[in-house]
Amino acid sequence: MPREVMAGLVLGLLRDRGEELVVTRRGLYAISYLMKAFYIKISQIRAMAIRKGI
Numbered sequence: 099m100p101r102e103v104m105a106g107l108v109l110g111l112l113r114d115r116g117e118e119l120v121v122t123r124r125g126l127y128a129i130s131y132l133m134k135a136f137y138i139k140i141s142q143i144r145a146m147a148i149r150k151g152i
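Note that the sequence shown covers residues 99 to 152 in our numbering.
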């Protein structure tokens, strides 16, 4: 997923009724989920790089 799309999703989840940036509980869950998924992906890439000897 492109970074812009992900940022848009996160901002969309953060924005409550389009007025001010209000962090809702669902938004927090979504952000923590995205961060976790992102971290796991980075770890996988790092592990692959180490295996290939880069």
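Glycine included, each C-beta is placed from N, C-alpha and C at the ideal position.
No experiment lies behind these values; they were computed from the predicted model shown.
Check, Outcome
"Straight-line Cα distance separating Lys139 from Gly151", "18 angstroms"
"Local conformation of Gly110 per DSSP, three classes", "helix"
"Alpha helix (DSSP H) segment containing Gly125, residue limits", "Arg123 to Lys150"
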